[in-house]
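For reference, the structure is listed below as structure tokens.
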Amino acid sequence: MEALIKALAALTTVSSDYEKQLRNVIRKEYYLKNQILIREGQKIEKVYFIEEGFAVNYYFKEGQKFTSRFWQKGDFLFTASDFMNVARSTEYIEMGENSTLYSLDYEDLNEINELFEAAKEVERRLVAMRYEFYEERIRDFQTLKGEERYKKLEAQFPDVIRKSALQNISSYLGITKETLSRYRAKKH
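Residue numbers for the sequence shown follow the numbering used here, so the first one is 5 and each next one is one higher.
Structure (structure tokens):
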């Protein structure tokens, strides 16, 4: 829980009352590799923080899987629909390895938001960070070559690069598995 409190403190001031309230409602959960955390169409009920492990965010279009995001240790994990008041997920989140997460039910989150301005600030900052992430992702696709995107991903998510399936990485980068294999071979 200390890693979560530290991550929150990086976003806003965490008073002792705010921390106490969080400790009362946050739950520690364990997930196995390949376990689906959120399915398309599933009612969204929680927001998460990854203490250990990583997750893969993806969706299907015309039967093809598209990886849209990776989440790693220290990340707040939520779908794009979460903070937009959409009741059902439009994507999947699957655990990439055995993982430890902290969860907060949306009902509890709403109560905490009513009690603490700092909680509202965290929510605003997380939404802004999500927006900035996708803005950067769009710019990267417009301005960087596939190999440059791979190197950037490798710098940002070294554990994910080592542990995730080639299909997830190549889909995320918008390249074929064969091209990804060539990039990886250059390193060795």
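From the three backbone atoms N, C-alpha and C, an ideal C-beta is built for every residue, glycine too.
Beta strand (DSSP E) segment containing leucine 184, residue limits
No beta strand (DSSP E) contains leucine 184, which is instead part of the alpha helix (DSSP H) from 181–190.
Just tell me which of Phe120, Gly45, Ser93, Lys10 has its CA closest to the CA of aspartate 79.
Lys10
- Task: Grab me the residues of aspartate 112's own chain with a C-beta within less than 6 Å of its C-beta, minus the 5 sequence neighbours each way, in chain order.
- Result: Val29
Near isoleucine 179, what residues of its chain come up, given a Cβ to Cβ distance below 7 Å and the 5 sequence neighbours on each side ignored? Gly150
Item to check | Other residues of its chain near glutamate 23: CB distance less than 7 Å, five sequence neighbours each side excluded | outcome: Ile9
Between the alpha carbons of methionine 99 and methionine 5, how many angstroms are there, rounded?
20 Å
Check: Using the C-alpha atoms, what's the distance from lysine 191 back to leucine 130?
Finding: 34 Å
Answer yes if the segment 65–79 comes into contact with the segment 117–129, meaning at least three C-beta pairs across the two stretches below 8 Å, and no otherwise.
no
Item checked: Interface flag, glutamate 55 vs chain C, CB-CB below 8 Å -> No chain C appears in this structure, which consists of one protein chain only.
Checklist line | First and last residue of the uninterrupted beta strand (DSSP E) at glutamine 68 | finding: 68–76
Requested in this report: Let me know if arginine 92 comes out buried or exposed under the rule of 16 or more other beta-carbons within 10 Å of its beta-carbon.
Outcome: exposed
- alanine 59: first and last residue of the uninterrupted beta strand (DSSP E) it sits in: 58–65
### Task
Check whether the Cβ atoms of isoleucine 54 and leucine 108 sit closer than 8 Å, and answer yes or no.
no
Margin query: Strictly by DSSP, which residues pair up with methionine 99?
Written below: Ala59
Start-to-end residues for the alpha helix (DSSP H) that takes in leucine 170 | 170–177
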